[in-house]
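Have a look at the structure below before the remarks.
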Amino acid sequence: MSDALILVALLLVAATATAAVAQRDPARQALVLSVLGVFLAVLFTVLQAPDVGLSQLAVGAALTPLLIMLSVRKIRRRRRDRDGAR
Amino acid sequence: MRRRTTPRAVLLATGELLLWWGALALLWLVLISTVDTLERVVGAGVAAAGALLARAGRRAVTWR
Amino acid sequence: MNGWILAATVELGGGGAAALWGVTTGPTARRVVAQNLTTAALCPALLLLAQGYGRPAYVDLALLLALLGPVGTLVFARLLHEDLEGRRPSAWGLTYAVAGVGAAVVIALCAVTGPGRAMVKLLVIGALLIGGNLIASRALSGGFRGVLGG
Amino acid sequence: MSRRLRLWLLAVGGAGLAAVLAAACLELPGFGGRSHPYGTRAVRASLARHTANTIASVNFDQRAYDTLGEMSILFAAVLGCVVLLRQARDEHRERPRPAQVARPVRRYALLVVPAALVCGLYIVAHGQLSPGGGFQGGVVAATALHLLYLGADYRALERVRPLGAFEATDALSVCAYLVLGLAGVLAGTAFLANTLLPYGTFNTLSSGGFVPLLNAAVGMEVASAVVVLLANFLDQAVEIVEEEAG
Numbered sequence: 001m002s003d004a005l006i007l008v009a010l011l012l013v014a015a016t017a018t019a020a021v022a023q024r025d026p027a028r029q030a031l032v033l034s035v036l037g038v039f040l041a042v043l044f045t046v047l048q049a050p051d052v053g054l055s056q057l058a059v060g061a062a063l064t065p066l067l068i069m070l071s072v073r074k075i076r077r078r079r080r081d082r083d084g085a086r
Numbered sequence: 087m088r089r090r091t092t093p094r095a096v097l098l099a100t101g102e103l104l105l106w107w108g109a110l111a112l113l114w115l116v117l118i119s120t121v122d123t124l125e126r127v128v129g130a131g132v133a134a135a136g137a138l139l140a141r142a143g144r145r146a147v148t149w150r
Numbered sequence: 151m152n153g154w155i156l157a158a159t160v161e162l163g164g165g166g167a168a169a170l171w172g173v174t175t176g177p178t179a180r181r182v183v184a185q186n187l188t189t190a191a192l193c194p195a196l197l198l199l200a201q202g203y204g205r206p207a208y209v210d211l212a213l214l215l216a217l218l219g220p221v222g223t224l225v226f227a228r229l230l231h232e233d234l235e236g237r238r239p240s241a242w243g244l245t246y247a248v249a250g251v252g253a254a255v256v257i258a259l260c261a262v263t264g265p266g267r268a269m270v271k272l273l274v275i276g277a278l279l280i281g282g283n284l285i286a287s288r289a290l291s292g293g294f295r296g297v298l299g300g
Numbered sequence: 301m302s303r304r305l306r307l308w309l310l311a312v313g314g315a316g317l318a319a320v321l322a323a324a325c326l327e328l329p330g331f332g333g334r335s336h337p338y339g340t341r342a343v344r345a346s347l348a349r350h351t352a353n354t355i356a357s358v359n360f361d362q363r364a365y366d367t368l369g370e371m372s373i374l375f376a377a378v379l380g381c382v383v384l385l386r387q388a389r390d391e392h393r394e395r396p397r398p399a400q401v402a403r404p405v406r407r408y409a410l411l412v413v414p415a416a417l418v419c420g421l422y423i424v425a426h427g428q429l430s431p432g433g434g435f436q437g438g439v440v441a442a443t444a445l446h447l448l449y450l451g452a453d454y455r456a457l458e459r460v461r462p463l464g465a466f467e468a469t470d471a472l473s474v475c476a477y478l479v480l481g482l483a484g485v486l487a488g489t490a491f492l493a494n495t496l497l498p499y500g501t502f503n504t505l506s507s508g509g510f511v512p513l514l515n516a517a518v519g520m521e522v523a524s525a526v527v528v529l530l531a532n533f534l535d536q537a538v539e540i541v542e543e544e545a546g
């Protein structure tokens, strides 16, 4: 039974990680990445490593998306300002 | 921009802080597993920090 | 063999696969909604796992997800609101269905736990999860319309 | 360096890594066996020092020196970010515009900010008892603060965030970790040796000797480091703009 659970969690993580790499747009990548963070946390819990799961959850749920999206916003704004200046 | 502190304002501020402190101390008691004196002391301190942050946050948002 | 773990497996497999499908395909508006529902779908799975393994300490993971999952969605709602303009991404039927599953799981676990502080903790997690999700859905469907630049 | 040479270098390095990994794999114990030599010893050591969470005991007692390294990596990384993201000469600051956020979202943010702070501090304080610890709790507490940006605007966040104090706390908590380590040296044992304080009653907040104190130091360090890091990102994303036609 627990083998099936580990299998499901592993498959989800592998599929989501592949999908995150395959995305081209950084904003969409951040979306997939935040979902990947939650799946990873579940995988760590299933493997009886709740400490690592908590770290993953704390970093992956809100902090990483915020950092990525702030960088995306800065770049977009810069591009818009440049286009506006021309 | 300093507001004049009237007794009424002080009373309101104290009430808000106490309300938050009570709610957050209850939250702490819910989170922990075993209750002893040190837990209560630490919880009271943490709840006080949370209450101060709650009031600071509310004032920062509504004050324009 | 443990009924709780079986339920968690079903929840993880079903909810996870649906979330993965939603977040990797379609327009950005739909992906954001799928990201929001991932939290709501997987937090009950974490609660079920904690019960299935018989380790109350694992409940902290669900608590953290219930707290931070909606915050993550707010990040996207705020910083992507230009992309979402005029789209009003929402799936209220699905949102309420997932919230109902979460509520059912929390109630079932409360019934097993029995009255006490552990039960109140479960209820707090449930309230944070469902409230956070509804607010995050609200934020996605036009909660940040007055936000310009900042 | 030509492209060909770089590829060769990559191939040599990759082959070396593969050989080392393969050699290590051959020496591994069988998967899923019953013998866990390191695990048994770590659990025994953590129980001897009355630390309920073995992971905390490994992180802050048996391998506290490694944690010092990780902590300084975070410190150095945040320092690097502060230097890289500073306001350059051809940039100026604009006042962030106030934002009109829907009322339920704002109320949710105001309610959850203190609750998340309490949860974060709970995870820091109970690091030696239940899953969690300084890093996890510190990140949660720092994230809580930024709900004010998400639920209101950047000016609201700036009002409750004395950045200088957070920068000072960041440095001070790294020093606190070092001082706690040096206390062992002064007392005649070893650097970061957990022998000074009584180990306390098992499964209570004061158990584990130095572990809760080191946890608190790491928690403060991580929380203020994350706040400083996000402050620099937010400044760049919201306030700092380049001068036109430089």
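Chains as they are written, first to last, in the working numbering: chain D, 1 to 86; chain C, 87 to 150; chain B, 151 to 300; chain Y, 301 to 546.
Just so you know, even glycine gets a beta-carbon here, dropped at the ideal spot from N, CA and C.
Within the region 308–354 of chain Y, the runs of alpha helix (DSSP H) at least 4 residues long that lie entirely inside it are, in chain order, 337–348. In the displayed model, Y:Arg393 falls within a strand according to three-state DSSP. Y:Ile540: member of the beta strand (DSSP E) spanning 540–542, first to last residue. The alpha-carbon of Y:Val382 is positioned some 8 angstroms away from that of Y:Val528. Within the region 18–78 of chain D, complete alpha helix (DSSP H) segments of at least 4 residues are found at 26–46, 50–58, given in chain order. Look at D:Pro26: its C-beta is not under 8 angstroms from any C-beta on chain B.
In the DSSP secondary-structure assignment, B:Gln185 is not bridged to any residue. At a beta-carbon threshold of 7 angstroms, the residues of chain Y lying near C:Gly136 are Pro414, Leu417, Val418, ordered along the chain. In the three-state DSSP reduction, B:Gln201 falls in the helix class (H, G or I). Listed along chain B are Leu217, Leu218, Val221, each with a C-beta nearer than 9 angstroms to that of Y:Thr443. In this structure, DSSP gives Y:Gln436 a helical state, which the three-state scheme calls helix.
Distance check between D:Val35 and each of B:Leu272, B:Gly250, B:Leu170, B:Ala195 places B:Leu170 closest, using alpha-carbon atoms only. Residues of chain D whose Cβ lies closer than 8 angstroms to the Cβ of B:Val225 are, in chain order, Ala62, Pro65, Leu66, Met69.
Judged by their CB atoms, Y:Pro398 and Y:Asp453 are nearer to each other than the 8 angstroms cut-off.
Classified as exposed, Y:Ser302 has fewer than 16 neighbouring CB atoms from the shown chains inside 10 Å of its CB. Sixteen is the threshold: since fewer than 16 other Cβ atoms of the shown chains lie within 10 Å of the Cβ of B:Gly236, the residue is exposed. For D:Arg73, the residues of chain Y that pass the 7 angstroms Cβ criterion are Ala537, in the order they occur in the chain. Taken through DSSP and simplified to helix, strand or coil, Y:Gln387 comes out as coil.
Under the three-state reduction of DSSP output, Y:Gln428 falls in the coil class, being neither helix nor strand. Residues of the region 262–274 of chain B with a Cβ closer than 8 angstroms to any Cβ of chain C, in chain order: Arg267, Val270, Lys271, Val274. Going by DSSP, B:Thr159 is part of the alpha helix (DSSP H) stretching over 153–174.
Of the other Cβ atoms in all chains shown, 16 or more fall within 10 Å of the Cβ of B:Val183; this residue is therefore buried. Listed in chain order, the alpha helix (DSSP H) elements of length 4 or more contained wholly in the region 436–503 of chain Y are 454–459, 463–486. Residue burial is scored here from C-beta neighbours: B:Ile257 has fewer than 16 other C-beta atoms within 10 angstroms and is therefore classed as exposed. At least one beta carbon of chain B lies nearer than 8 angstroms to the beta carbon of C:Leu117. Taking D:Gly37 as the centre and dropping the five residues before and after it, the same chain places the C-beta of Gln56, Leu57, Val59, Gly60, Ala61, Thr64 closer than 8 angstroms to its C-beta, in chain order. Considering only beta carbons, the part of the region 160–188 of chain B lying closer than 8 angstroms to chain D consists of Leu162, Gly163, Gly166, Ala167, Ala169, Leu170, Val173, Thr174, Thr178, Arg181, Val182, Ala184, Gln185, Thr188, in chain order. Two segments are said to touch when three or more pairs of C-beta atoms, one from each, lie closer than 8 angstroms; by this definition the region 455–473 of chain Y does not touch the region 350–359 of chain Y. Taken atom to atom, the span from the alpha-carbon of Y:Glu539 to that of Y:Arg393 is near 5 angstroms. A direct Cα-Cα distance of roughly 46 angstroms separates Y:Arg386 from Y:His350. Under a 10 Å Cβ-count criterion, Y:Asp366 is classified as exposed, with fewer than 16 other Cβ atoms of the shown protein chains found around its own Cβ. Within chain Y, not a single residue places a beta-carbon under 9 angstroms from that of B:Arg238; the smallest gap is close to 12 angstroms. Under the 10 Å beta carbon count, C:Ala99 is surrounded by fewer than 16 other beta carbons and is classified as exposed.
Along the region 514–538 of chain Y, going in chain order, the ones with a CB nearer than 9 angstroms to a CB of chain D are Val526, Leu529, Leu530, Phe533, Leu534, Gln536, Ala537, Val538.
Its chain contains no residue whose beta carbon lies nearer than 6 angstroms to that of Y:Ala425 once the 5 sequence neighbours on both sides are disregarded. Non-local C-beta neighbours of C:Gly136 in its own chain, meaning closer than 6 angstroms and more than five positions away in sequence, comprise Leu110, ordered along the chain.
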